[in-house]
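If you're matching positions, the sequence shown starts at 1373 in the working numbering and goes up one per residue.
Note that CB positions come from ideal geometry on N, CA and C, so glycine has one too.
Being a predicted model, the structure only gives us computed values, none of them experimental.
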Amino acid sequence: MKKILSLIFIAAFISGCASTTKGIAPELEIILTKNGKNIGGTVVYNPYGIDQLTKMRRNKAISRMRAVCHPVPFKIVKEETLPPEERKSKYGGNMKVLMGSKIRFIDFECFYPY
């Protein structure tokens, strides 16, 4: 019984750490709307770590973009790595310990055919 509980705890901890930037800095992810339609926005992820983890984080960020723009396609406008306080001054100082010194911002827009 203890082994099962410890495995559940470890699995919950690992899944909770998968996208810490989104949970810690929700104001950095922006969705722009116009006339009730999503027209674009910004998603963030941590670009540092082992290659597999970085690819997973980027794929999750792209899936969040896809979910915002669904059913129309999206286009990545700009992708840059910046300290979080350059986008919002609130995230300077001690917040760097939780998010990292620099995070990756992906600006995107949705394409509506009409």
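Three-state secondary structure (DSSP) of residue i
| i | result |
| --- | --- |
| ILE1422 | coil |
| ALA1410 | In the sequence as displayed, the identity of residue 1410 is Asn instead of Ala. Three-state DSSP puts ASN1410 in a strand. |
| VAL1440 | helix |
| GLU1458 | helix |
| LYS1474 | coil |
Among the options, the one whose alpha carbon lies nearest that of residue i
| i | options | result |
| --- | --- | --- |
| LYS1450 | VAL1444, GLY1408, ASP1479 and TYR1417 | ASP1479 |
| LEU1400 | ASN1407, LYS1406 and TYR1417 | TYR1417 |
| VAL1415 | SER1378, PRO1485, THR1453 and MET1373 | THR1453 |
| CYS1441 | ILE1380, LYS1374 and PHE1483 | PHE1483 |
| ILE1448 | GLU1458, LYS1375, ARG1476 and ILE1376 | ARG1476 |
Distance, residue j Cα to residue i Cα
| i | j | result |
| --- | --- | --- |
| TYR1413 | THR1405 | Contrary to the premise, residue 1413 reads as Gly rather than Tyr in this sequence. The alpha-carbon atoms of GLY1413 and THR1405 are separated by roughly 9 Å. |
| ARG1429 | PRO1443 | 23 Å |
| ALA1433 | TYR1486 | 26 Å |
| ILE1380 | PRO1455 | 34 Å |
| PHE1446 | ARG1438 | 7 Å |
| GLY1408 | MET1373 | 51 Å |
| LYS1460 | ILE1402 | 12 Å |
| PRO1419 | SER1435 | 16 Å |
| THR1426 | SER1378 | 27 Å |
Other residues of its chain near residue i: CB distance less than 6 Å, five sequence neighbours each side excluded
| i | result |
| --- | --- |
| ILE1411 | LEU1404 and CYS1482 |
Close beta carbons around residue i, own chain, < 8 Å, minus the five adjacent residues each side
| i | result |
| --- | --- |
| SER1391 | Low per-residue confidence applies at SER1391: pLDDT is 49, beneath 50, and the placement is therefore not dependable, though the value from the model is reported in the following sentence. Excluding residues within five positions, the ones whose Cβ falls inside 8 Å are TYR1417, ARG1429 and LYS1432. |
Residues near residue i by beta carbon distance below 7 Å, same chain, minus five either side
| i | result |
| --- | --- |
| LYS1474 | THR1453, LEU1454 and PRO1455 |
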